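Written below as structure tokens is the structure these notes are about.
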Amino acid sequence: MGYARDVYDEAEKKLERRRMYNEQALEKRRQILYQRSPRAEELVHLTAKTSIAAARAVFSGADAKNELEKLKVKNLAYQDELHQILLKFGFPDNYLEEWHKCDQCGDTGYVGGKMCSCMRTLLRETAYERLNKISPLSLSDFDSFSLDYYSDSLLNGGKTSARAVMTKVLAFCRKYAYDFSENSRSLLFQGGPGLGKTHLSLSVAKTAIDRGYGVIYVSAPAILSKIENERFSGRGREENSEQLVLDCDLLIIDDLGTEFTTKFSVSAIYNIINSRMIMSKPTIISTNLTIAELQEKYNFRTVSRIIGMLDRVEFVGSDIRQQKRRERKTNGGK
Ligand SMILES: [Zn+2]
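According to the numbering used here, the sequence shown is numbered sequentially starting from 1.
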């Protein structure tokens with residue numbers, strides 16, 4: 001799959017940083033060893049010297065063979081002594097070599113003129129990161145989700161409270177994130193604004209990313225306008241956000257229903273959700289709308305089909321953003 005030029009540039013920069021890190025790490029290891037054994041430093045320099053001398057001998061001509069043989073014996077003796085020192089301090093054999101994140105390509109991104117698999121992964125991750133940035137949200141975690149904002153009085157004469165329901169929702173989302181795999185179910189987060197849907201979906205995203213999954217988190221309006229722009233400007237061939245959202249391990253679409261509805265947006269959203277369903281790839285959708293409102297906004301069959309395939313998670317309570325605003329006002333008035 002093709003990526004935008006910037007994605008390649010950014011991935012190349014990341015590899016360059018990796019290589020720089022490798023060099024610095026080797027230098028640090030050297031210093032640690034030299035501090036413990038000045039002889040090791042001496043031996044490293046002597047080995048380098050014999051290599052230079054060997055190169056000179058090749059060009060000197062006269063008795064080169066004999067000279068080279070002598071140097072080789074010397075060099076082996078130095079290396080052997082160095083090896084013994086490493087062993088004595090409990091360092092591994094490759095302690096004085098550069099350590100790479102990818103041994104196949106030595107962090108150059110290419111093997112035998114072909115792109116290494118690590119570079120492909122890096123490109124994919126970079127493209128996801130860029131797409132995630134179009135929604136100005138930072139990832140949250142489960143630990144900062146406070147149940148204090150949910151009332152423990154019974155809901156509408158029922159047997160349960162908002163806090164009890166949300167305690168279960170929090171536990172469910174946490175478990176979903178920690179158990180997440182390609183086979184996870186798709187979810188529909190539903191409930192009014194300010195009930196924590198965004199917080200919990202960002203926490204799921206963060207956990208899945210930390211566990212190594214390719215996650216794209218976007219708000220419905222942002223991704224739809226991006227896809228529309230790419231399609232109608234002809235840039236879609238080099239920067240294909242639609243393909244990225246179809247391919248990722250977990251797609252989270254926040255705020256479905258807040259986008260400006262056009263024929264294009266309705267068919268694009270349907271295509272994304274439906275294609276991922278067919279490929280059994282998990283998707284999480286969050287919306288403030290009720291089923292009836294969704295059906296009014298999109299088409300009835302589309303909505304029924306989508307709803308039928310998602311596990312519904314209902315968020316209850318009263319708007320946390322409003323509660324926080326009130327708290328600030330009350331505190332400020334004092
Ligand atoms: Zn590699």
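C-beta: ideal position from N, C-alpha, C; glycine also.
In this text, all values refer to a predicted model and were calculated from it rather than measured experimentally.
I'd like to check one pair, V215 with A205: are the Cβ atoms closer than 8 Å? With respect to V215, A205 sits close: the two C-beta atoms are nearer than 8 Å.
Cβ-heavy atom distance, Q104 to ligand 1, below 7 Å: Indeed, a heavy atom of ligand 1 lies less than 7 Å from the Cβ.
Is G109 near ligand 1 - that is, is its Cβ less than 7 Å away from at least one heavy atom of it? Because some heavy atom of ligand 1 lies under 7 Å away, the Cβ of G109 counts as near it: yes.
Assign G333 to buried or exposed, taking buried as 16 or more other Cβ atoms, counted over all protein chains shown, within 10 Å of its Cβ. Any reading at G333 must be qualified, since the residue scores a pLDDT of 48, below 50, and its modelled position is unreliable; no value is offered.
Could you say which of Y21, C118, Y270 lies nearest to A11 if we only look at CA atoms? Closest by C-alpha distance to A11, out of Y21, C118, Y270, is C118.
So D148 and R19 are supposed to be a Cβ contact under 8 Å. How far apart are they, rounded? Contact doesn't hold; Cβ gap of about 48 Å is too wide.
May I ask whether a heavy atom of ligand 1 can be found less than 7 Å away from the beta carbon of S265? The closest heavy atom of ligand 1 lies 7 Å or more from the beta carbon of S265.
Measure the C-alpha to C-alpha separation of G157 and D141 and round it to an integer number of angstroms. If you take the alpha carbons of G157 and D141, they lie about 33 Å apart.
Is M119 near ligand 1, with its Cβ less than 7 Å from a heavy atom? Yes, the beta carbon of M119 sits closer than 7 Å to at least one heavy atom of ligand 1.
Cβ-heavy atom distance, C173 to ligand 1, below 7 Å: Checking every heavy atom of ligand 1 against the Cβ of C173, none is found closer than 7 Å.
Following the continuous beta strand (DSSP E) through V313, name the residue where it begins and the one where it ends. Per DSSP, the continuous beta strand (DSSP E) segment holding V313 begins and ends at 311–314.
Measure the C-alpha to C-alpha separation of L202 and T261 and round it to an integer number of angstroms. Cα-Cα distance, rounded: 25 Å.
Quickly, what does DSSP pair M115 with across the bridge? List them, please. Listed as beta-bridge partners of M115 by DSSP are Y110.
Compute the beta-carbon to beta-carbon distance between V303 and T126, rounded to the nearest angstrom, for a pair I have assumed lies under 8 Å. Not quite, the Cβ-Cβ distance comes to about 35 Å (not below 8 Å), so this is no contact.
Start and end of the beta strand (DSSP E) containing Q190? Q190 -> beta strand (DSSP E) spans 187–190.
DSSP state of S153 mapped onto helix, strand, coil: Of the three classes helix, strand and coil, the one that applies to S153 here is coil, per DSSP.
Would you say the beta carbon of C248 is closer than 7 Å to some non-hydrogen atom of ligand 1? No; taking the cut-off as 7 Å, the Cβ of C248 has no heavy atom of ligand 1 nearer than that.
Taking the continuous beta strand (DSSP E) assigned at S265, which residues delimit it? Counting along the chain, S265 falls outside any beta strand (DSSP E), though it belongs to the alpha helix (DSSP H) covering 263–278.
What does DSSP give as the partner residue(s) for I216 in the beta ladder? Looking at the DSSP assignment, I216 forms a beta bridge with L251.
From G212 to G113, what distance separates their C-alpha atoms? When only Cα atoms are considered, G212 and G113 end up about 28 Å apart.
Would you give the residue range spanned by the beta strand (DSSP E) that S286 belongs to? Start and end: 283–287.
Supposed close pair N22, E98 - CB separation, criterion 8 Å: In this structure N22 is in contact with E98, their Cβ atoms being roughly 5 Å apart against a cut-off of 8 Å.
Local conformation of S161 per DSSP, three classes: Annotated three-state conformation of S161 is strand, per DSSP.
Comparing alpha-carbon positions, which option in G191, Q323, L250 lies nearest Y176? Considering only alpha carbons, the answer is L250.
Cα-Cα separation between D254 and Q31, rounded to whole angstroms: A direct Cα-to-Cα measurement between D254 and Q31 gives close to 50 Å.
When DSSP builds the beta bridges, which residues end up paired with L26? Paired residues: none, contrary to the question.
Give me the Cα-Cα distance between E296 and T287, rounded to the nearest whole angstrom. Using only the alpha carbons, I get a separation of about 14 Å.
Leaving out five residues before and five after A64 in sequence, what residues of the same chain have Cβ atoms less than 7 Å from its Cβ? For A64, where only same-chain residues beyond five positions count, the Cβ hits under 7 Å are A57, V58.
Where do the N-terminal and C-terminal ends of the alpha helix (DSSP H) with P38 fall, by residue? Element bounds for P38: 38–60.
Would you give the residue range spanned by the alpha helix (DSSP H) that I291 belongs to? For I291, the uninterrupted alpha helix (DSSP H) run begins and ends at 291–297, by DSSP.
Pick from Y298, A4, R325: whose alpha carbon is nearest that of G194? Minimum Cα-Cα distance from G194 among the listed residues Y298, A4, R325 corresponds to R325.
Sequence-distant residues of its chain with Cβ nearer than 7 Å to T167 (five each side left out): The beta carbon of T167 sits closer than 7 Å to those of L147, all from its chain and outside the five residues before and after it, given in chain order.
Does DSSP classify L256 as helix, strand or coil? For L256, the secondary structure class from DSSP, reduced to helix, strand or coil, is strand.
Can you give the beta carbon distance from L71 to A54, rounded, assuming they're within the 8 Å contact cut? Right, their Cβ atoms sit about 5 Å apart.
Measuring straight from C-alpha to C-alpha, what distance separates F315 and F145? Rounded to whole angstroms, F315 and F145 show a C-alpha spacing of 13 Å.
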